[in-house]
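What follows is a single structure, written as structure tokens, with notes after it.
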Amino acid sequence: MEVARSPPTAGKFVVVGGGIAGVTCAEQLAVDFPSEDILLITASPVIKAVTNFKQVSKVLEEFDVEEQPSTMLENRFPNIKVIESGVKQLKSEQRCILTEDGNQHVYKKLCLCAGAKPKLICEGNPYVLGIRDTDSAQEFQKQLTQAKRIMIIGNGGIALELVYEIEGCEVIWVIKDKAIGNTFFDAGAAEFLTSKLIDEKSEAKIARKRTRYTTEGRKKEAQTKAHAGNIGSALGPDWHEGLDLKGTKEFSHKIHIETMCEVKNIYLQAEFRISEKKSLIFPKDHHNQSVTTDKEIWPVYVELTNEKIYGCDFIVSATGVTPNTEPFLCGNNFDVGDDGGLKVDDHMHTSLPDIYAAGDICTASWQPSPVWQQMRLWTQARQMGWYAAKCMAAASVGESIDMDFSFELFAHVTKFFNYKVVLLGKYNAQGLGPDHELLLRCTKGQEYIKAVLQNGRMMGAVLIGETDLEETFENLILNQMNLSAYGEDLLDPNIDIEDYFD
Numbered sequence: 001m002e003v004a005r006s007p008p009t010a011g012k013f014v015v016v017g018g019g020i021a022g023v024t025c026a027e028q029l030a031v032d033f034p035s036e037d038i039l040l041i042t043a044s045p046v047i048k049a050v051t052n053f054k055q056v057s058k059v060l061e062e063f064d065v066e067e068q069p070s071t072m073l074e075n076r077f078p079n080i081k082v083i084e085s086g087v088k089q090l091k092s093e094q095r096c097i098l099t100e101d102g103n104q105h106v107y108k109k110l111c112l113c114a115g116a117k118p119k120l121i122c123e124g125n126p127y128v129l130g131i132r133d134t135d136s137a138q139e140f141q142k143q144l145t146q147a148k149r150i151m152i153i154g155n156g157g158i159a160l161e162l163v164y165e166i167e168g169c170e171v172i173w174v175i176k177d178k179a180i181g182n183t184f185f186d187a188g189a190a191e192f193l194t195s196k197l198i199d200e201k202s203e204a205k206i207a208r209k210r211t212r213y214t215t216e217g218r219k220k221e222a223q224t225k226a227h228a229g230n231i232g233s234a235l236g237p238d239w240h241e242g243l244d245l246k247g248t249k250e251f252s253h254k255i256h257i258e259t260m261c262e263v264k265n266i267y268l269q270a271e272f273r274i275s276e277k278k279s280l281i282f283p284k285d286h287h288n289q290s291v292t293t294d295k296e297i298w299p300v301y302v303e304l305t306n307e308k309i310y311g312c313d314f315i316v317s318a319t320g321v322t323p324n325t326e327p328f329l330c331g332n333n334f335d336v337g338d339d340g341g342l343k344v345d346d347h348m349h350t351s352l353p354d355i356y357a358a359g360d361i362c363t364a365s366w367q368p369s370p371v372w373q374q375m376r377l378w379t380q381a382r383q384m385g386w387y388a389a390k391c392m393a394a395a396s397v398g399e400s401i402d403m404d405f406s407f408e409l410f411a412h413v414t415k416f417f418n419y420k421v422v423l424l425g426k427y428n429a430q431g432l433g434p435d436h437e438l439l440l441r442c443t444k445g446q447e448y449i450k451a452v453l454q455n456g457r458m459m460g461a462v463l464i465g466e467t468d469l470e471e472t473f474e475n476l477i478l479n480q481m482n483l484s485a486y487g488e489d490l491l492d493p494n495i496d497i498e499d500y501f502d
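The sequence shown begins at 1 in full-length UniProt numbering and counts up by one.
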């Protein structure tokens, strides 16, 4: 006998994903349509809410990310109904979503905000851990308490923060680039930050402005509900706050960086013994390249493309993310970008009618501003989620809407190695060609300032430390004023350039 299926629930607006993009989108729709039910479908028992939002300047923004039970969202917005289940299938022609719990949800307009999942260097290996959401970050903390040595693969934001935060454990950091933080920095900024890695960390950490994650309030039943296959939403700022990232040894930093190489092979202990290969000890001195075989026996061994082999307790795969499009593609003719994301136009609309996408799952496919680029960061997730809601609202009442100003200029503020870091525009001269010039100012241990200019106009900037230049530089990039007359005076520490441009 066939089990009777629940009648479909219908919402004018349905949002999939409980991360920053999805929750922001649902909240904005709830505000714009207080008498409509907004359905938010999420596989996780907790959602990510943006709190303490602060517009620092025209485009720079700061906010906290708070992990909350979905009931808190429903209490704040009585017209949001959270459906706690993964998506099984999207039937775009029937305007219907099937969820893992066997229910159907009919929509008039749909926004897909299902985020991204970590690219693992090796699937199914118990010693390879990907860090993407709060659950995997806590699993990492648990493993680290027993670890003497770990290997981190990757050069993005999570790898950078991990390397700085981990104490009492040897860290071998494997990057395919010449310098650290290639996504964010050039070699000069990388060198500035690397010196901070070598210094011992002071015990008193500077208090952070953003809230830490807390998951103590989660019920055990909720944890079992969100089974291992479900993908939690991405980590936000200061995700490592509240996690004690300490290994078994009594020292602060011990980091060795292997540059310009990748993972060639991973061996479990028994496989390595049979291979009769030799692993290296942790290098004590970067300048002394003498090769010494490691006598210690490790659970897992990693062979790099530079032929070096190191043993370790476990491997952290922090090599980026892949848009989580899988549940939505089957039977639906979406246009998909080269990076695997759902292509969206300048109104966050996918190639299918009445289906929008925002955050990590989407690929921006409009003609961008000359000083904006898509990066899968939490700031853009919030902006896209908010803007997608506005576009859905406008379309549903037959109005047009201008593109949001946040897409005029790429702007991101974060913290690396306890330094404030501001990235503006084409901060790494992305796509500018050879005719650009760089102006640099660096005070070791204090600040690093880089301005990217082309044809006398500022196109981007990197500001590390408390420079107080972000608003001035943001204005200079936005108004495209010709700065040729100022030359290198632009970064002269004895000249207050804010006075120039007030």
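Virtual Cβ for every residue (Gly too), placed ideally from N, Cα, C. Predicted model, so just to flag it, every value in this text is computed and none were measured.
Rounding to the nearest angstrom, what Cα-Cα distance links residue i and residue j in this structure?
i: C391; j: T325; result: 21 Å
i: E471; j: F416; result: 20 Å
i: V50; j: E67; result: 9 Å
i: L483; j: G460; result: 13 Å
i: S202; j: L120; result: Low confidence applies here, because S202 scores a pLDDT of 46, under 50, leaving its location unreliable and the question unanswered by this model.
i: Q383; j: W298; result: 45 Å
i: F473; j: A159; result: 28 Å
i: D360; j: L440; result: 32 Å
i: F13; j: I477; result: 37 Å
i: N29; j: I172; result: Going by the sequence as given, residue 29 is Leu instead of Asn. If I take the Cα positions, the gap works out to 46 Å.
i: V16; j: I38; result: 11 Å
i: I177; j: N155; result: The amino acid occupying residue 177 in the given sequence is Asp; Ile does not appear at that position. Between D177 and N155, the C-alpha separation is close to 8 Å.
i: Q94; j: L352; result: 12 Å
i: L175; j: S275; result: Reading off the sequence shown, one finds Ile at residue 175, where the question assumed Leu. One C-alpha to the other measures close to 25 Å.
i: A429; j: I449; result: 14 Å
i: S44; j: Q89; result: 17 Å
i: I20; j: V321; result: 16 Å
i: I315; j: K444; result: 32 Å
i: G385; j: D402; result: 15 Å
i: M481; j: L162; result: 39 Å
i: C169; j: K48; result: 31 Å
i: T224; j: V462; result: A caution first: T224 carries a pLDDT of 36, below 50, which makes its placement in the model too unreliable to give a value.
i: A270; j: L193; result: 39 Å
i: P493; j: T467; result: 10 Å
Please classify residue i: does DSSP put it in a helix, a strand, or coil?
i: N125; result: coil
i: R208; result: Residue placement at R208 cannot be trusted, given a pLDDT of 37 that sits under 50; what the coordinates show is reported in the next sentence. Here R208 sits in coil by DSSP.
i: D64; result: strand
i: N479; result: helix
i: L98; result: strand
i: residue 505; result: In the structure as shown, the chain begins at 1 and stops at 502. Residue 505 is therefore absent and cannot be evaluated.
i: A226; result: Residue placement at A226 is flagged as unreliable, the pLDDT there being 37, under the threshold of 50; a coordinate-derived value is accordingly withheld.
i: I274; result: helix
i: L120; result: coil
i: C111; result: strand
i: V16; result: strand
i: M459; result: strand
i: K390; result: helix
i: E84; result: strand
i: E258; result: strand
Considering only C-alpha positions, which residue in the set the options is nearest to residue i?
i: S400; options: F53, S279, G340, A388; result: A388
i: L197; options: K148, K254, E170; result: K254
i: E167; options: K117, T145, M458, K278; result: T145
i: Y310; options: E296, S317, G487; result: E296
i: T259; options: Y427, K142, K450, I180; result: I180
i: P69; options: R95, E62, T42; result: T42
i: V421; options: F184, Q141, G487, G398; result: F184
i: F410; options: G425, S396, V397, V23; result: G425
i: L491; options: L423, E165, V452, D313; result: V452
i: P368; options: W386, H347, T379; result: H347
i: V413; options: P34, L438, H349, W378; result: W378
i: F328; options: V23, V128, G340, F272; result: G340
i: R273; options: E170, F282, H256, V302; result: V302
i: Y107; options: D294, D354, K48; result: D354
i: A364; options: A381, Y356, R376, D345; result: D345
i: A187; options: L438, L469, D489; result: L438
i: T24; options: C362, T194, F192, L40; result: L40
i: N479; options: E36, V46, V31, K58; result: K58
i: A485; options: G331, R457, E61; result: R457
At a cut-off of 8 Å, is residue i close to the ligand NAP when judged by its beta-carbon and the heavy atoms of the ligand?
i: I477; result: Among the ligands in the structure shown, none appear at all, so the ligand NAP cannot be discussed.
At which residue ranges does the stretch 413-454 contain complete beta strand (DSSP E) runs of 3 or more residues, listed in the order of the chain? 419-425, 436-443, 447-454
Count the C-beta pairs between the stretch 81-96 and the stretch 425-434 that are closer than 8 Å, then say yes if the count reaches three, no if not. Too few Cβ pairs lie closer than 8 Å, so no.
Within 8 Å, do at least three Cβ pairs link the stretch 92-99 to the stretch 52-63? no
What are the start and end residues of each continuous beta strand (DSSP E) run of 3 or more residues lying completely inside the stretch 25-64, in chain order? DSSP runs (the beta strand (DSSP E)) wholly in the stretch 25-64: 38-42, 46-55.
Is the stretch 406-413 in contact with the stretch 363-378, if contact means three or more CB pairs nearer than 8 Å? yes
Just list the beta strand (DSSP E) runs in the UniProt domain "FAD/NAD(P)-binding" (292-385), keeping only unbroken ones of 3 residues or longer that don't cross its boundaries, in chain order. 300-304, 309-312, 314-317, 321-323, 342-344, 355-357, 362-364
Entirely enclosed alpha helix (DSSP H) segments - the stretch 127-179, minimum 4 residues: 134-144, 157-165
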